[in-house]
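*Asks:* Here it is, the structure, as structure tokens.
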Amino acid sequence: MNTAQPLTQRQPEETLSMDPKKFILWLFIVSIVMLFASQTSAYLVRRAEGNWLEYQIPVIFSYSTVVLFLSSLFMQWAYYSAKKDNFANLKIAISITFVLGMAFLWMQFQGWKELVAMKVYFVGNPSGSFFYVFTGLHGFHLISGLLVLLYALVAAFRMKVHAKSLRQMEICTTYWHFLDVLWLYLFFFLLTFN
Amino acid sequence: MSVVETGIGTTVHAEEHEHHEEQNFWRKYIFSEDHKVIAKQYLITGIMWSVIGIAMSVVFRIQLGFPNANLSWLKPVLGQWINDTGQLDPNFYLALVTMHGTIMVFFVLTAGLSGTFSNFLIPLQIGARDMASGFLNMLSYWFFFTASVIMFSSLFLQTGPAAGGWVIYPPLSALPQAHIGSQMGMTLWLVSMTLFIVSQLLGGINYITTVINLRTRGMAFNRLPLTIWAFFITAILGLISFPVLLSAALLLIFDRHFGTSFYLSEIYINGEALPNVGGSPILFQHLFWFLGHPEVYIVLLPALGITSEIIATNSRKPIFGYRAMIASLIGIAFLSFIVWAHHMFVTGMNPFLGSVFMFLTLIIAVPSAVKAFNYTTTLWRGNLVFTPAMLFSIGLVSLFVTGGLTGIILGNSALDIQLHDTYFVVAHFHIVMGAASAFGLFAGVYHWFPKMFGRMMNNTLGQIHFWLTFTGIYLVFFPMHYIGIAGFPRRYYQFTTYNFSSSFTDLNAFISVAAILSFLAQFIFLWNFFYSIFKGKKSPQNPWRSNTLEWTAPINPGHGNWVGEIPPVYRWPYDYSKPGAPEDFIPQNVPYSQTPESNLPHENEEIAMEKVIEAQNFNDQFKEAH
Chain A
1 MNTAQPLTQR QPEETLSMDP KKFILWLFIV SIVMLFASQT SAYLVRRAEG
51 NWLEYQIPVI FSYSTVVLFL SSLFMQWAYY SAKKDNFANL KIAISITFVL
101 GMAFLWMQFQ GWKELVAMKV YFVGNPSGSF FYVFTGLHGF HLISGLLVLL
151 YALVAAFRMK VHAKSLRQME ICTTYWHFLD VLWLYLFFFL LTFN
Chain C
1 MSVVETGIGT TVHAEEHEHH EEQNFWRKYI FSEDHKVIAK QYLITGIMWS
51 VIGIAMSVVF RIQLGFPNAN LSWLKPVLGQ WINDTGQLDP NFYLALVTMH
101 GTIMVFFVLT AGLSGTFSNF LIPLQIGARD MASGFLNMLS YWFFFTASVI
151 MFSSLFLQTG PAAGGWVIYP PLSALPQAHI GSQMGMTLWL VSMTLFIVSQ
201 LLGGINYITT VINLRTRGMA FNRLPLTIWA FFITAILGLI SFPVLLSAAL
251 LLIFDRHFGT SFYLSEIYIN GEALPNVGGS PILFQHLFWF LGHPEVYIVL
301 LPALGITSEI IATNSRKPIF GYRAMIASLI GIAFLSFIVW AHHMFVTGMN
351 PFLGSVFMFL TLIIAVPSAV KAFNYTTTLW RGNLVFTPAM LFSIGLVSLF
401 VTGGLTGIIL GNSALDIQLH DTYFVVAHFH IVMGAASAFG LFAGVYHWFP
451 KMFGRMMNNT LGQIHFWLTF TGIYLVFFPM HYIGIAGFPR RYYQFTTYNF
501 SSSFTDLNAF ISVAAILSFL AQFIFLWNFF YSIFKGKKSP QNPWRSNTLE
551 WTAPINPGHG NWVGEIPPVY RWPYDYSKPG APEDFIPQNV PYSQTPESNL
601 PHENEEIAME KVIEAQNFND QFKEAH
């Protein structure tokens, strides 16, 4: 992107030329990070006050974590395929990512059902309520991620994603990885401070 | 054109091409993506809200100043809230103070100030065609508009709008049976504020992206006008703190509507025990004030940026300590995140923790004092031009110092035991945050009105408006400190039960009269503003002989701001009264090679860089203004 002539003397500072749309995504991620940072710190503040219900986190949440992590790997594969103009692989990888994302949501929902069976309700001790809020808020953001993914998927099948037009794919990949990392953080946070 | 096309660049442009079609009325003036139109939309909405918000304060000031007055004459407006004997309903009094706070803090001084001037000035002063995403920018305004409509409609509810104070502490706000204002009014408050937060996030994300990515050639960070620095840091504050308020509001919504117990625990109401166990109302206060304190600076920093620019321009002198001004902005912004608990000294927190927060709070005095001194030293021996904008800027400095001094008193955790929730607090934050920011808003409107509407506001009316407002503010808030120290608590409908407390009535009546007069003085501004939009004197190209880029754009800039190429920038924006120069100002787009008579030795070396600056690439969103 840089075409300024090479110079021996000090160069004036270049105005940063990152793609504004990608930059917007990063700032959007910052605001989501703050949302969850405040939630988890509220959790810690409340937990320190005692009167805290302790329960075993259903094992299905561990499986769903693996599923989401896998989907993130497939997303990366899809991105590399797009970069190399390997359209067959791109379509397979992005479809698997989408299916795994849906599977993750379904597993989270099953996890909620198991929690209810364990008599950990949304209404009751805040320790349970927080669990539902964290998973629910993350699920909400994951649905938004699925929508972004769906757009990319449709674009991929219409052959609009290729090495020369990667921006949509980059935005989608970044956001999907972020949602994965966010869930890993929440999951290990909940395991540690249960 | 020295802009270099890149693969990514072309995809950015692809979406903007649709602008080239002739836009119809709706796309041009209503659902506009042009930053200047959106700025005006914010400004006009903000002005409407401020009329409502200040009118509310006048109603409760009448109640405080004249407790037994017959208010039947207000029945046509307030209806059922005035009872048969002409008394204001106490519940509605609480709703009035709550809505006054919410409206003024969020809808006027956040959306009206930051929304107007960040939108208007960022692209014009950094040399960009528009915001990074015009669509998100439009969305930001319409989220704000929807939030406004919902908040406004809550005023007309049978049970009244939210009434738990603008800080909406639970359990009062969480339990509909606690107060009539906690019923539908509170629900609408939460819905409206959620939309408002979304609006602020969309706006803030856009401001940050624009400042970082869309600066013109040569506009390095150390050449940005201080206004842009202030808007930039304000947007970062908002981006970090508003999601936290969203968190707090979300948990409150769950408590109110789904029966969770985040903030509620062991409550008896009307003799009946509630099922909620295990919540913590203090938790809400932590979350709220983690937004709430930065919010103070979200309101104030844009005003400080605006005055920095106006004071330098109208003193015809470079701003004193440009880098110190930026450093103090950053310092204030950083500190604002680690002082929130000074709002909670009397919640029973650990006294040691209290002294930590007290220490951090008092440190804010340092960057604030840097700013106050730099304003004064910029004014010192300048060729002052007393335009209305300049008067309001100097007024801001005065209010900033006055209100800041009482901040040092309130920041002490021991003194706060006496002063907490008294009118001393009310006087403090109204001067330092309310009036100071409002002065910044006025200064900004007077200064950039010619750029906004291509016409000038009436100077004489502006001067009269300033002096009435300035004296009015001090007459209202100075006596308030006194009754606060004496122990008059805020948010009380009436405080005349005891002999000692009735002795405040005279002073309260005085404050109320001053408040009403200052309110009336604002109509001078309103008339001047709306009259000048249509009938004001036509503005020259650069009415204040200012250096910043917006004055190089056409008097009525079209979509895209500059006709042809965007001017590159070669120098900082404060070259006023430079020795040797023929004029007392040298705009930012004048290269050093054209001003050999006034260049300093190191600036002569910069001449070699001009070619490089012109060859730089930058994000030009669309090639031609239209």
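Protein sequence lines, in the order shown, are assigned to chains A and C.
Position one of the first sequence corresponds to residue 1 (the UniProt record's numbering), numbered consecutively onward.
Position one of the second sequence corresponds to residue 1 (the UniProt record's numbering), numbered consecutively onward.
Each residue gets a CB set at the ideal place from its N, CA and C atoms; glycine is no exception.
1. Determine contact between the stretch 105-123 of chain C and the stretch 221-237 of chain C, defined as no fewer than three beta-carbon pairs at a distance below 8 angstroms.
2. Does the beta carbon of residue 260 of chain C come closer than 8 angstroms to any beta carbon on chain A?
3. With a floor of 4 residues, list each alpha helix (DSSP H) that falls wholly inside the stretch 251-325 of chain C, ordered by position along the chain.
4. Quick one: measure Cβ to Cβ for residue 53 of chain C and residue 72 of chain C, integer angstroms, because I've assumed they're closer than 8 angstroms.
5. Check this for me: beta carbons of residue 169 of chain C and residue 285 of chain C, under 8 angstroms apart or not?
6. Residue range of the alpha helix (DSSP H) that residue 95 of chain C falls in?
7. Closer than 8 angstroms by beta-carbon distance: list the chain C residues that pair up with residue 24 of chain A, in chain order.
8. Using a Cβ cut-off of 9 angstroms, which residues of the stretch 30-47 of chain A contact any Cβ in chain C, in chain order?
9. How many whole angstroms separate the CB atoms of residue 43 of chain A and residue 157 of chain A, which I take to be in contact at a CB cut-off of 8 angstroms?
10. To be precise: take each residue of the stretch 380-394 of chain C, compare its Cβ to all Cβ atoms of chain A, and keep it if any distance is under 9 angstroms. Which residues remain?
11. Just curious, the alpha helix (DSSP H) that residue 61 of chain C is in, first and last residue?
12. If you run the structure through DSSP and keep just helix, strand and coil, what is residue 168 of chain C?
13. Mind pulling the chain A residues with CB within less than 8 angstroms of residue 283 of chain C?
14. Report the neighbours of residue 123 of chain A on chain C: residues whose CB is nearer than 7 angstroms to its CB, in chain order.
15. Of all the residues that make up the stretch 91-115 of chain A, which are near chain C by a beta-carbon distance shorter than 9 angstroms?
16. So is residue 54 of chain A in contact with chain C if we call contact Cβ pairs under 8 angstroms?
17. Is the shortest distance between the beta-carbon of residue 354 of chain C and the beta-carbons of chain A less than 8 angstroms?
18. With a threshold of 8 angstroms, are at least 3 pairs of Cβ atoms found where one atom belongs to the stretch 497-504 of chain C and the other to the stretch 554-569 of chain C?
19. Out of C:476, C:580 and C:464, state which residue places its alpha-carbon closest to the alpha-carbon of residue 434 of chain C.
20. Taking only beta-carbon atoms, is residue 7 of chain A less than 8 angstroms away from chain C?
21. Taking DSSP as the reference, what is the three-state secondary structure of residue 420 of chain C?
22. Name the chain C residues that come within less than 7 angstroms of residue 58 of chain A, Cβ to Cβ?
23. What residue from A:187, A:123 and A:51 has the CA that sits closest to residue 259 of chain C's CA?
24. So who's on the other strand from residue 576 of chain C, going by DSSP bridges?
25. From this set, C:414, C:324 and C:382, which residue's C-alpha is nearest residue 371 of chain C's C-alpha?
26. Report the start-end ranges of each alpha helix (DSSP H) in the stretch 118-188 of chain A that is 4 residues or longer and not cut off at the edges.
27. Quick check on residue 540 of chain C: does DSSP put it in helix, strand or coil?
28. What residues are listed by DSSP as bridge partners for residue 455 of chain C?
29. Ordered along the chain, which non-local residues of its own chain (more than five positions away) have a Cβ less than 8 angstroms from that of residue 596 of chain C?
30. Alpha carbon to alpha carbon, how far is residue 32 of chain C from residue 40 of chain C?
31. What residue range does the alpha helix (DSSP H) around residue 46 of chain A cover?
32. Report yes or no: is there a C-beta of chain C within less than 8 angstroms of the C-beta of residue 129 of chain A?
33. Assign residue 347 of chain C to buried or exposed, taking buried as 16 or more other Cβ atoms, counted over all protein chains shown, within 10 Å of its Cβ.
34. Work out the CA separation of residue 167 of chain A and residue 101 of chain A for me, nearest whole Å.
35. Compute the distance between the beta-carbons of residue 555 of chain C and residue 532 of chain C, then report whether it is under 8 angstroms.
36. Give me, in chain order, the residues of the same chain whose beta-carbon lies closer than 6 angstroms to that of residue 395 of chain C; leave out the 5 immediate sequence neighbours on both sides.
*Replies:* Let's see:
1. yes
2. yes
3. 281-315
4. Going by Cβ atoms, the distance from residue 53 of chain C to residue 72 of chain C rounds to 24 angstroms, so no, they are not a contact pair.
5. yes
6. 90-102
7. 132, 133, 136, 205, 206 and 209
8. 30, 31, 32, 33, 34, 35, 36, 37, 38, 39, 41, 42, 45 and 46
9. That belief does not hold up - the Cβ atoms of residue 43 of chain A and residue 157 of chain A are roughly 41 angstroms apart, past 8 angstroms.
10. none
11. 35-65
12. coil
13. 42, 45 and 46
14. 258, 259 and 260
15. none
16. no
17. no
18. no
19. C:476
20. Legend: pLDDT at residue 7 of chain A = 40, less than 50; position of this residue unreliable, value from coordinates given subsequently. Residue 7 of chain A counts as touching chain C.
21. coil
22. The contacting residues do not exist; residue 58 of chain A stays about 20 angstroms from chain C at best.
23. A:123
24. C:585
25. C:324
26. 126-157
27. coil
28. C:538
29. 604
30. 11 angstroms
31. 20-47
32. yes
33. exposed
34. 21 angstroms
35. no
36. 439 and 470
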